[in-house]
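One structure is given here, and the rest of the page talks about it.
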Amino acid sequence: MHELSIVSGIVESVLDFVEAREIKKVLGVRLAVGELTHLEIEQLQFCYTALVEQTAVQGSTLEVDVVPARVSCPHCLYEGLPKYWEDALSMAPVPTLQCPQCGKATEATQGHECAIKTIKYVT
Ligand SMILES: [Zn+2]
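For what it's worth, full-length UniProt numbering labels the leading residue of the sequence shown as 1, then goes sequentially.
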């Protein structure tokens, strides 16, 4: 599972952070996850809860902010939101890397990130 390896990296960073600052208790961790990563937020939270058990950050929660995709088109110089597919099988429209203006392939400038934004803690 892709989510599991990502979350285990995040938990490791949080544990390093806690150790370096002698933090008593971590309440929660907020992640910024790009829409183009196709990571499932519920899966991330599920893995987090499982992985922090028996660690110094046990009981903390994971919150996820979804970062919308942005693309830049090298063909017509469009910049902004990508074209979305209305996928009947998925709950939300799926971002594509197709230019909404000229229909050619674009490059994503935002939406691939997966990083810790904030860590809420008590010292
Ligand atoms: Zn274009």
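Using N, Cα and C, we set each Cβ at its ideal position, and we do this for glycine too.
Since the structure is predicted, the reported quantities are computational estimates derived from the model, not experimental observations.
Inset, instruction - Go through its chain and collect everything with a Cβ distance to Lys104's Cβ below 6 Å, but skip five positions before and after it. - result: Only residues of its own chain outside the window of five on either side were considered, and among them His75 have a CB closer than 6 Å to the CB of Lys104, listed in chain order.
Inset, instruction - Indicate, with yes or no, if ligand 1 has a heavy atom lying under 7 Å from the CB of Lys83. - result: Annotation for Lys83 indicates a beta carbon at 7 Å or more from all heavy atoms of ligand 1.
Legend entry - Residue closest to Thr118, alpha-carbon to alpha-carbon, out of Glu86, Ile10, Leu44, Glu53: Selected option, being the one with the closest Cα: Ile10.
Legend entry - For His112, the nearest candidate out of Thr123, Gly80, Trp85, Arg70 (CA to CA): Of the candidates Thr123, Gly80, Trp85, Arg70, Arg70 places its Cα closest to the Cα of His112.
Inset, instruction - Indicate, with yes or no, if ligand 1 has a heavy atom lying under 7 Å from the CB of Gln101. - result: Yes, Cβ of Gln101 sits closer than 7 Å to a heavy atom of ligand 1.
Inset, instruction - Quick one: give me the first and last residue of the beta strand (DSSP E) that Ile6 is part of. - result: According to the DSSP assignment, Ile6 belongs to no beta strand (DSSP E) but to the alpha helix (DSSP H) extending over 2-21.
Inset, instruction - Please find out if some non-hydrogen atom of ligand 1 comes closer than 7 Å to the beta-carbon of residue 127. - result: Any answer about residue 127 is impossible in this case: the structure gives the chain only from 1 up to 123.
Inset, instruction - Could you check if Leu77 is buried or exposed, using at least 16 other CB atoms within 10 Å of its CB as the buried criterion? - result: Flag for Leu77 reads exposed.
Legend entry - Where the alpha helix (DSSP H) containing Glu42 begins and where it ends: Start and end: 41-52.
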